[in-house]
Each structure stands twice: as C-alpha cells, then as structure tokens.
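Read the structure below first, then the notes.
Numbering (the numbering used here), first residue to last: 2 to 781.
Spelled out as structure tokens, the structure:
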C-alpha cells in the first residue's frame, strides 16, 4: 500500500471466524524494521468504532516513548470482536507497518504481529540549487569527477559525487564532496569518500562530510578489514585535512577541503601503519552516504543505492577519469519470494534468520512460514543459496531447541530441480537420514538401507530457484508418523503440539542426507516453541549465553588467573612495607584474582549448560570434541583449588611443602587448560569465529606472557644474589618457588612495578579484544 505523507488510514483489528474474541491489545506504528527499531511513527487520531454501529468505546489513544498519540490500547477487559482506529501516516517517506500485541487470555496471546507494509511516498527528489550545480564546473577539464547515478555528471543531478585535483602550489589534493541526504531527515547525515586498494570496503582511508546538528564538519576515518566497521582517526600532532568548509543547501551537504598527498594511518587492531600516496598511486573511489555519523564512526549506509565503487582505480592527478557505469541494481525480488512474507503474523506464522526484524523488512537469509488449513499444514521454506548443485535450506521440528531427534523438511537442489525431501535427525547431533515413504521403489529402499516404509505425508510440493534463493511450498498432513531405526516411530501432531523451529542451510544434500551447515550463521533455533495454529512472528533464539560463557571464561583464565598467578610468583618481596588489614599486598591481589577466576568459571559453566540443555555428546572435529571435555575438567580443577585453599597449612607446618606442590600443580594445570579452551574456541561452530585475528591476539599474549615471565625470573635471580637468603637459585626452580625466608623488600622494586603494570595492561587489552571478537561474531 502506497500513501501520501499525513494521509489518514483505517486500521482494523478483528478476530477471525472461529477464533473467538480477544480482551486486550496494544497497537503502534513503526518502521518495517520493527523488531530492531521500536520508535513509534505516525499517530492515531480517533476510534472509528466508538459510538457507532452499536459499539461502545473500546480503545484509548496514548503516548508511546514520549511520541504524542502514537499508540492505542484497550480501555477494559471486556471481550472484543473488532476495533477500528484512524491512523495518520508520518510525514517522513519510508516503509512502515502497524504492530499489534493481542491478548485472548493468560495462555493465548500474540506479540508484535505486523501488518502489511505501508509505503509513505517521498514526493519528488530535491533539485540541486545553483550553489551545488556550480561544483560540477570543470569536471574532466580542470578536475576529476566521479558520481552516481550514471550520466548524472552531465545532467548535474548526482545523488553523490566527488571532485578531485592536485593543487600546483603545494601538491596537496583538493576534494569537493557532495551528497543528497534530504531523504534521511537526520541531523547527523553524511556523505563519504573511501580510497581503497581494491573495489571492496575494508582497510580503506575514508574522508567524510557530515552534518553535526547545525554545522558541517570534515573528518577522517579508517574502515577495518573484513567489513568490521570503521573508526575515526585521531591524530596527536596535526591532521591531514586543512582548508575545510561545508554547506547544507536544499537537502544537499557539500564540503571542500584539502588533504596531504601522502599520509599514514595507525591501525591499532593490526599494530601496523597503512600508507596512502595520492600523487603516485591509483585508488578505487568508494562513495557512500548514511543517516548517522560522529567523530568516532560512520554508521552503515542504509541501502544499495547509497554506495558505489569506481569501475577502475583512479589517480588523483588525472582529471580525465571516465564516469563509471551505475552500480548493478540488486535483482528485484520475485513475486514468489515477496509472497512468502505476506500474511506473516496475521494469517500465518513465520520464523526467519538474518538481521534482526528480517521478517518485517522481508530480508531474511532463511525463513519458514506455516498455517493450519483443515487437516493439513501449509509450509513455505525459503533461503539464500550458499552452494551450487546440491545446496539446501531446511526446517526441523524439535521438542527442544537443539538438533537431535527432530523431523526435518529440506528444500534442496537436485540436478537442476528444486525438490522437497524428508529427514530425521539422529539423537545426540549424530547426523540425519532420509525418511523413506511408500513412493520409493523397493530397489531404492534397499540402496538407502532405510528403516521402514511409511505413509506419504507431503503433497503439492513446488520448488524454484530464483534470485539466488531456494523457495519451496508444500502441504503436510496435520498428524503423521516418522519411522526411525529399530522399527520404531515418532508421532507428530502439528495441530495441537508445540515445536521449536530449527532453520539451517548448507552446500550438500541428497535424498539420503543433508550435509552439515558450514557455520553458526547458517543455522538457528526459534526462541520459543510454537504451534502451527498460531499466526505469530517468532524471533530467533538469542546467543547471549554463548557470548556470556566466552566472555566470562576469557576474564577468568586469561585476565584474572594469569594476573593472580603472576603476582604470587614474583611479587612477594615487593611493597612489603604496606600490609592492608595485616596481609601482604601480593596476597590481597592473588586472592582477589583467583576468587574472581572461580566465580567467572562457575558462571560461565552454568551459562553454557543452560545454552546446550545439559550434558550432550561430543561430535565434530577435534575442537568440538575436546573443548567441552577440557571445560568440565577445568571447572573441576577450579573447585578443587578452592577446597585446597580451605585446608592450607600454616607456614612452617610439615605438610606445607605438599600443599605448595598440590596448589601449584592444580593451578598451573587449570591455567594451561583454560588458555587451551580459549584457543580452541576459535574452531567451534557455535562461536562463529574462525578468525585469524583471534588466534593472532591470543598467540601474541602467550608469547608476551612467556617473555615477561623470563624477565621476572632473571630479575628475581639477580635480586636474590643481593639478599641474605639460602636458596640463591630459587627463581630457577621448577615448580612452586621456594620462600625467600626474609620479609624485607627485594632490590628492583621500580622495574618490577613497571613490568607488573605492563603485564596487567597487556592481559586486560587481550581479554577485551577477545571478548569483542566473541560478542561481535554472534551479533544479529
């Protein structure tokens, strides 16, 4: 539906025939990305059903999130069959929906059910004024130019463009950067130019013209490799940008500025400097615009039309660069793919994986819809292909939220055709088998070595491969039986039983099996079980427990345990004159660090057990098998260390040496296992890491840890030679370091303190980096 800004629409909330009445509701207008963007849009003006046709007042209009008249809710708990409201569309162009939460009773309710998309027209695009048009003067004569869409430099009506030249007086590069940002309607919009070695975003220098409320600013940024965002470049001494000025005219922002012809950017995550030489080297030009920017970062460009890359690298000294063709438009979604989302939350249930709110924005990587009709269930299954001749997308019906003992429907490529097949996941995540029905020949039955014949349950299957997506529609009996091994079977009742939905995709499939999904982003479970009779939009299960588990274990064993053990070994003769609460400083630090280690470990252990639902089998590669086993051993050792601490003999006791060895052995074993678990996490499918930078950071820390241990061993050995102690070579001993036997301060306090600060800083920086990698890899 397309409407004008401010146009008034009737919004009707009614129960379907046979579904009964409802008692409560909350209704609000939002953008099509309604699950992520909860800001209300538009306003309700009146209740049309109130006072007419025998209806009494059913609704009251109220403010939501301080937006006047942006929502409506019930006025009582009486049964209701229909409520009609008048809603005024927002003034801003865009795609909007009406989101409603409906309560039938305490057990039955629908949360955030979306309406079909309402498109508010944008009117005509702003025409650039004379001040903007003047910037085009001299293109391909006295300065180089690059813009989009194709041909816009000739008509002087580009959505974005940049001009560039070298100033003869000083050799600096001069840029003029222009972008149409009116449609964003944001006080922090931007247009940006990237200088890239290739034609993709990542590892690029970026110069941006941005709105900062009522002013225009020019800032420098750097885009991280592998599409991991960008950050503002802060220069301590002097910047590379000078003579910057900017204007905001008729919805266009424009900046003019000069840049040093050669400069470097520090890349702290890679610990390197990246150089740019504008006068000598060629660079691809990347133009982008967006609605949010500050000195620290540029937000992602909203759509494909908001970015473009030059067809070939340009030299800033060459003013005759060709105008590139327009970016290839994304293929328009086929009617079949668009139709998958129609009715989601209204007439059928839907579950999708991808960006948050992908069902509302119709942009899921994978999606399944379901609807009960009579004695059948209608399903649609769609997903972006990640393979060629035998790729698939599949949905599993599970009585828990993990793979194993689940019935699966697969939409897959088979020798150029798209077909629907049926599978059953073995227990304990041990693969799957094709389910053989009566339409399979006896010869095929013998070849497949399947368990038994069963009644056919799938009817009316259709499948297509369009626009890089697989799409299947099919009907399934509402109640059916799945044959499994040993002549057993499992019954399913889609009309009455609730199931978790498991979506997955992969590159290999056949009638006998579905191949494993390549990564954690290629699978996901619904956050709750659903009934096929409920027309609701289900969100994906959160990764928060995995993120918390990884974060807590990194804090426990890389930061706290490393710091606590480092302190106990080398700092017993440091700052000895201070004894808070009668105890040495080193002991306070050691006890605090190791207590936190145990607390973080137990918490992380609980989080992952909640995530996986208890003890599970260990299948997969070496990391998949060893990580959970080592994790259980690690937790046991951490708790054992607590028990040992509770029975610690007093110094001088004959059993103290035995305790020291036990304490040292358990502690060091746990520390090594803890670091090994953190290292192996990079290869776990659940973490979705598989990142060289993760291994690089933790390997760097281990090397750093060893170097500082060697340095402190040497310093301790040298200090012992100057002190009156019996064991002059105790620093070189294997195992727990023997006591110095003296209580005084060891020589070299200053250098030991500096090394200690460096160690803690290194451990903390490493922990923060690894936690960022873990959390970022599992973001929606």
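We put the CB at the ideal spot given by N, CA and C, even for glycine.
Classification of residue i by the beta-carbon crowding that lies within 10 angstroms, buried from 16 upward
| i | result |
| --- | --- |
| residue 121 | buried |
| residue 374 | exposed |
| residue 107 | exposed |
| residue 637 | exposed |
| residue 644 | exposed |
| residue 428 | exposed |
| residue 442 | With a pLDDT of 40 at residue 442, under the threshold of 50, the modelled position of that residue is not reliable, and the figure given next carries that caveat. The residue is exposed, with fewer than 16 neighbouring Cβ atoms inside 10 Å. |
| residue 209 | buried |
| residue 82 | exposed |
| residue 111 | buried |
| residue 366 | buried |
| residue 319 | exposed |
| residue 434 | buried |
| residue 277 | buried |
Beta-carbon contacts of residue i that lie in its chain and below 8 angstroms, excluding the five residues immediately before and after
| i | result |
| --- | --- |
| residue 240 | 221 |
| residue 702 | 559, 763, 764 and 767 |
| residue 64 | 70, 71 and 72 |
Close beta carbons around residue i, own chain, < 6 angstroms, minus the five adjacent residues each side
| i | result |
| --- | --- |
| residue 594 | 561, 564 and 565 |
| residue 379 | 372 and 476 |
| residue 448 | Reliability fails at residue 448, whose pLDDT of 39 lies under 50, so the model's placement of it is uncertain and the value that follows must be treated cautiously. So no residue of the chain qualifies. |
Residue i - DSSP class collapsed to helix/strand/coil
| i | result |
| --- | --- |
| residue 324 | Summary for residue 324: the model assigns pLDDT 45, below 50, so the residue's position carries little reliability; its value from the coordinates is reported in the next sentence. Coil at residue 324, not helix or strand. |
| residue 804 | In the structure displayed, the chain extends from 2 to 781; residue 804 sits before or after that span and is not available. |
| residue 87 | strand |
| residue 199 | coil |
| residue 80 | coil |
| residue 188 | coil |
| residue 146 | strand |
| residue 589 | helix |
| residue 131 | helix |
| residue 433 | strand |
| residue 685 | coil |
| residue 176 | strand |
| residue 183 | helix |
| residue 299 | strand |
| residue 564 | helix |
| residue 315 | strand |
| residue 205 | strand |
| residue 405 | coil |
| residue 38 | coil |
| residue 6 | coil |
| residue 495 | coil |
| residue 500 | strand |
Residue i - containing beta strand (DSSP E), residue span
| i | result |
| --- | --- |
| residue 256 | 253-260 |
| residue 800 | Only positions 2 to 781 of the chain appear in the structure, and residue 800 is not among them; the question remains open. |
| residue 110 | 110-115 |
| residue 790 | Past the boundaries of the shown model lies residue 790; the chain is included only from 2 to 781, so the question cannot be answered. |
| residue 69 | 68-75 |
| residue 636 | Where residue 636 is concerned, there is no enclosing beta strand (DSSP E), although the alpha helix (DSSP H) it sits in stretches over 623-647. |
| residue 63 | 60-65 |
| residue 651 | That residue, residue 651, is in no beta strand (DSSP E); it is neither H nor E in DSSP. |
| residue 546 | Counting along the chain, residue 546 falls outside any beta strand (DSSP E), though it belongs to the alpha helix (DSSP H) covering 545-555. |
| residue 422 | 418-426 |
| residue 268 | 263-268 |
| residue 351 | 350-354 |
| residue 464 | 459-467 |
N- and C-terminal bounds of the alpha helix (DSSP H) containing residue i
| i | result |
| --- | --- |
| residue 572 | No alpha helix (DSSP H) holds residue 572; DSSP gives it neither H nor E. |
| residue 666 | 657-681 |
| residue 763 | 750-778 |
| residue 166 | Note, residue 166: premise wrong, no alpha helix (DSSP H); beta strand (DSSP E) at 161-167. |
| residue 719 | 693-722 |
| residue 154 | 153-156 |
Anticipated Cβ contact below 8 angstroms, residue i with residue j, distance rounded
| i | j | result |
| --- | --- | --- |
| residue 371 | residue 350 | 5 angstroms |
| residue 685 | residue 625 | 6 angstroms |
| residue 133 | residue 250 | 6 angstroms |
| residue 546 | residue 630 | The Cβ separation is near 19 angstroms, so there is no contact. |
| residue 41 | residue 30 | 6 angstroms |
Spatial neighbours of residue i in its chain, beta-carbon cut-off 7 angstroms, leaving aside the 5 residues before and after
| i | result |
| --- | --- |
| residue 445 | Model confidence at residue 445 stands at a pLDDT of 41, short of 50, so the residue's coordinates are unreliable and nothing is read from them. |
| residue 382 | 369, 394, 396, 410, 412 and 473 |
| residue 402 | 501, 526 and 542 |
Contact with chain D by residue i, beta-carbon distance below 7 angstroms
| i | result |
| --- | --- |
| residue 580 | Of the protein chains in this structure there is only one, and it is not chain D. |
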